[in-house]
Amino acid sequence: MASPAIELHGVTKRFATPKGGIYTALRDLTLEVASGEFCAVVGPTGCGKSTTLALISGLEPASTGEVRVEGRPVKGIADGVGYVFQSDAVFPWKTVLGNVAAGPRYHGTPAAEARVRAREWITRVGLAGFEDRYPHQLSGGMRKRVGLAQSLINGPRILLMDEPFSALDVQTRSLMENELLSLWSSTSASVVFVTHDLEEAIALADRVVVLTAGPGTVKGTYKVDLPRPRNVAEIRFQPRFTQLYESIWSQLRDEVLVSYERQKHAAAV
Amino acid sequence: MSVRSTLRPSSVEHPHPEAGEGIPVNPSAQAGEGNAAELAARRSRAARRRRVVVYGLRLLFAALWIGSWELSTRLNWVDPFFVGQPSGIVARLWTWITEGTALGPLWLQAAVTMEEAVVGFIIGSLLGIVFGILLGRIELLAETLSPFIKAANAIPRVVLGSLFAIMFGLSLWGKAATAVVLVFFVVFFNAFQGVREVDRNLVANARILGANNRRLTTEIIIPSALSWILASLHISFGLAIVGAVVGELFGATAGLGQLIYNAGHTFDVNGVFAGMFVLAVLALIAEGLISALENRLIKWRPSRVSGEIPI
């Protein structure tokens, strides 16, 4: 078997806090994501989920331990990685077309060709006709589609998603989840999808990884053996979904409680 | 104190506890069911009425201000020799326009001053933008130069005008240089801050998408800092005019500053005010041009919400 798409071995990440202390976001995290696998990472607030993605993307270096993408150690931002951010990260001064065409342009594609490819992707995410709009003229869901097209046009082999749909309303959210699955099925990308929503994680992923309350490390991993293609809105009613939810939640609950107690304590101090 | 505290609970009490039982009738909801055209017409009428009121009040304010000035000098409550007189200022402007000033035609004086201001403004803001972005991007450079920049900013730079008068003589460059040193710092600090305030998510996104450092600067940092920079241009054009006028005070053969200086030295208060009036008009025109430029350059920004008008 080929080497996994993403490997983190005994990774620790510390940050220096402004007050001069040291904050450990991740401790001794070991995680592997197979090629083409959709892996969801869940955990309580502040357990280092986003930090994990920053390490894989090369935006942040690990303090200790080893991060490998496609067998090569990560040094700086690697090629073939896409990142969909939690908050809006589309460029407000570019039109939809300009935003989606940005990736190919940065990689040296001639402007005309980049525009043709961008139009294709805009159509694929259902935004045809909105090419000349600016982000502030779009709804939150539409801006997320722009963000998706912007990442996917580069043909990433690794797609990192940081709670991409958390700011959307429930209806838009399940629509976007279904579209993500259909877009993903036409690629062979490996996905790491960070979320605090366990339902979303089970509905989307092949495997769910539970992180402990910070400093984060892997508490358990669960294979999601639900058949594909899935309809996110309906899969929640399957008995197997409920079983999985109950067994994962029993693990996650303790961590959420730890994190909650800690926040209460911090607020009291 | 005690009276107040005994009164308070009664005001909190619900006036009609049974109101929820009845059928609430919202008059505005009923109107909303009517036609949209009617509402739009009401809206534009309200907007027009508001505009008329604002312009009327402005006119009233100007009339009161200028009228009381004119009246108090006419009645000799204050001496027009020291404070000038509106009718005298208008007469002076009229003579300048029809017969020319002591230094030559009025338009020529205005053109000379504007040329100095515009040249100083362009050079000063370009330098400010370039250095602001450089220092904003290169941390080491910023740390090295920051005490020098702070020191230079702390000194009253208009006095440099005398130095420039020596260096450049009576030419345009002495005045333009004074304008440059005034404009530079305002634009520089804004450009610097603008670069520092760039959304980190946008930078991360561009880097992941494959942007190199040059692309990052031209496509993310500069557009993002542009609203800061453009905001500073509004203030700094006024400063460019100050620089040009002050420069002219240190030695010139033409220009509005020189005209005002001459008027002052001949105890012609109306002439000083007339010169100021011309400067104000020119500054307002320039302000309008900068606003137009701003709207063109940042058309991606959501239009500012103008004050809501109650219908």
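Protein sequences appear in the order of chains A and B. At position 42 of the first sequence the residue is numbered 26 (my numbering), and the sequence of numbers has no breaks. Count along the second sequence from 1, then add 7; that gives the number in my numbering. The beta carbon of each residue, even a glycine, is placed where N, CA and C say it ideally should be. All figures in this text were calculated on a predicted structure; none of them were measured in a lab.
Spatial neighbours of Ala102/A in its chain, beta-carbon cut-off 6 Å, leaving aside the 5 residues before and after: The residue you call residue 102/A lines up with position 118 of the first sequence. If we look at Ala102/A and ignore the five residues flanking it on each side, its Cβ neighbours are Leu81, Val84, Ala85.
Chain-ordered neighbours of Asn197/B on chain A, where CB pairs are closer than 9 Å: As a first step, residue 197/B is located in the second sequence; it is residue number 190 there, counting from the start. Simply none; closest approach about 17 Å.
C-beta neighbour in chain B for Leu87/A, strict 7 Å: For the purposes of this step, residue 87/A is identified with residue 103 of the first sequence, where counting begins at 1. The sequence shown places Gly at residue 87/A, rather than the Leu named in the question. Chain B, which has a Cβ nearer than 7 Å to the Cβ of Gly87/A, makes this yes.
Alpha carbon of Trp77/A to alpha carbon of Ile305/B, nearest angstrom: The residue labelled residue 77/A in the question sits at position 93 within the first sequence. The residue labelled residue 305/B in the question sits at position 298 within the second sequence. Answer to the nearest angstrom: the Cα atoms are 7 Å apart.
Host beta strand (DSSP E) of Phe175/B (start-end): Looking up residue 175/B in the second sequence gives position 168. Looking at the DSSP string, Phe175/B is not in any beta strand (DSSP E); the run it does join, the alpha helix (DSSP H), is 167 to 175.
CA-to-CA distance, Leu228/A to Ser41/A, given in whole angstroms: Here the question's residue 41/A lines up with position 57 in the first sequence. Here the question's residue 228/A lines up with position 244 in the first sequence. A straight-line Cα-Cα distance of about 30 Å links Ser41/A and Leu228/A.
DSSP-derived helix/strand/coil call for Ala24/A: As a working mapping, residue 24/A is identified with position 40 in the first sequence. Three-state DSSP puts Ala24/A in a strand.
DSSP bridge partner residues for Glu(-9)/A (one or two, in chain order): Residue -9/A sits at position 7 when you count from the first residue of the first sequence. The partner list for Glu(-9)/A (beta bridge, DSSP) reads Glu16/A, Arg52/A.
For Tyr206/A, the residue or residues it bridges with in DSSP: Counting from 1 along the first sequence, the entry for residue 206/A is found at position 222. The partner list for Tyr206/A (beta bridge, DSSP) reads Val192/A.
Collapsed DSSP secondary structure at Val176/A in the structure displayed: Here residue 176/A refers to the residue found at position 192 when the first sequence is read from its first residue. DSSP places Val176/A in strand when its eight states are reduced to three.
Supposed contact pair Leu122/A and Val68/A - C-beta distance, whole angstroms, cut 8 Å: If you number the first sequence from 1, residue 68/A lands on position 84. If you number the first sequence from 1, residue 122/A lands on position 138. At roughly 16 Å, the Cβ-Cβ gap does not stay under 8 Å, so Val68/A and Leu122/A are not in contact.
Tyr118/A to Phe75/A span [Cα, whole Å]: Along the first sequence, one-based indexing puts residue 118/A at 134. Along the first sequence, one-based indexing puts residue 75/A at 91. Approximately 9 Å between the Cα atoms of the pair.
Residues, ordered as in the chain, of the region 282 to 309 of chain B that lie near chain A by beta-carbon distance below 9 Å: Ile305, Lys306, Trp307, Arg308, Pro309
Ile30/B (DSSP reduced to helix, strand or coil): One-based indexing of the second sequence puts residue 30/B at position 23. Since pLDDT at Ile30/B reaches only 46, below the 50 mark, its modelled position is unreliable, and the value read off the structure follows with that caveat. It is coil, neither helix nor strand.
Cβ contact check for the region 229 to 246 of chain B and the region 190 to 207 of chain B: 3 or more pairs under 8 Å: yes
Proximity to Ala186/B [Cα-Cα], best of Ile173/B, Phe175/B, Gly176/B, Gly168/B: Translated into the one-based positions of the second sequence, residue 186/B becomes position 179. That would be Gly168/B, whose Cα lies nearest to the Cα of Ala186/B.
Proximal residues, the region 230 to 242 of chain B versus chain D, C-beta separation under 9 Å: In summary, chain D is missing from the structure at hand, where the protein chains are A and B.
Chain B residues whose Cβ lies nearer than 7 Å to that of Asn162/A: For this step, residue 162/A is matched to residue 178 along the first sequence. None at all; the shortest Cβ gap to chain B is about 24 Å.
Three-state class that DSSP yields for Asp72/A in the structure shown: Position 88 of the first sequence, counting from 1, holds the residue named residue 72/A. Of the three classes helix, strand and coil, the one that applies to Asp72/A here is coil, per DSSP.
Interface positions of the region 53 to 67 of chain A facing chain B (Cβ-Cβ less than 8 Å), listed along the chain: Within the region 53 to 67 of chain A, those residues whose Cβ lies closer than 8 Å to any Cβ of chain B are, in chain order, Ile61, Asp63, Val65, Gly66, Tyr67.
At least three beta-carbon pairs within less than 8 Å, the region 138 to 152 of chain A to the region 165 to 183 of chain A: yes
Near-chain B residues of the region 153 to 179 of chain A (beta-carbon distance less than 7 Å), N- to C-terminal order: none
Burial state of Trp101/B (16 or more Cβ within 10 Å): Numbered from 1 along the second sequence, position 94 holds the residue referred to as residue 101/B. Exposed, since its Cβ has fewer than 16 Cβ neighbours within 10 Å.
Helix, strand or coil at Arg99/B [DSSP, three-state]: Here residue 99/B refers to the residue found at position 92 of the second sequence. The answer is helix: DSSP assigns Arg99/B an H, G or I state.
Selected residue, minimal CA-CA separation from Gly66/A, among Leu144/A, Gly125/A, Leu195/A: The residue labelled residue 66/A in the question sits at position 82 within the first sequence. Distance from the Cα of Gly66/A is smallest, within the candidate group Leu144/A, Gly125/A, Leu195/A, for Leu144/A.
Assigned exposure category for Tyr90/A - 16 Cβ within 10 Å defines buried: Taking the first sequence and counting its residues from 1, the one referred to as residue 90/A is at position 106. Its Cβ being crowded by 16 or more others within 10 Å, Tyr90/A is buried.
Rounded distance between the beta-carbons of Glu(-9)/A and Arg56/A, thought under 8 Å: Counted from its first residue, the first sequence places residue 56/A at position 72. Counted from its first residue, the first sequence places residue -9/A at position 7. Not quite, the Cβ-Cβ distance comes to about 10 Å (not below 8 Å), so this is no contact.
Rounded distance between the beta-carbons of Thr120/B and Lys264/B, thought under 8 Å: Here residue 264/B corresponds to residue number 257 of the second sequence, with the count starting at 1. Here residue 120/B corresponds to residue number 113 of the second sequence, with the count starting at 1. Position check: residue 264/B holds Gly in this sequence, whereas Lys was assumed. 6 Å between Cβ atoms; contact.
Nearest candidate by alpha-carbon position, reference Pro163/B, set Gly181/B, Glu146/B, Val125/B, Leu189/B: On the second sequence, position 156 is the one that residue 163/B refers to. Minimum Cα distance to Pro163/B is reached at Leu189/B.
Same chain, Cβ closer than 8 Å to Glu239/A, neighbours up to 5 away in sequence not counted: Taking the first residue of the first sequence as 1, we reach residue 239/A at position 255. Correct list, in chain order: Gly27, Pro28, Cys31, Val194, Leu195, Thr196, Ala197, Lys203.
C-beta neighbour in chain A for Asn208/B, strict 7 Å: Here the question's residue 208/B lines up with position 201 in the second sequence. Asn208/B counts as touching chain A.
Residues near Ile248/B by beta carbon distance below 6 Å, same chain, minus five either side: Taking the second sequence and counting its residues from 1, the one referred to as residue 248/B is at position 241. Closer than 6 Å at the Cβ level, and outside the excluded window around Ile248/B, lie Ala124, Ala290.
Listed by chain order, chain B residues near Ser41/A by CB distance under 7 Å: Walking along the first sequence from the start, residue 41/A turns up at place 57. Under the 7 Å cutoff, chain B gives Ile215.
Minimum Cβ-Cβ distance from Ser313/B to chain A less than 7 Å: Position 306 of the second sequence, counted from the start, is the residue given in the question as residue 313/B. Reliability of the predicted coordinates at Ser313/B is poor, the pLDDT of 45 falling under 50, and the value obtained from them is presented with this limitation in mind. Ser313/B has a beta carbon lying at 7 Å or more from every beta carbon in chain A.
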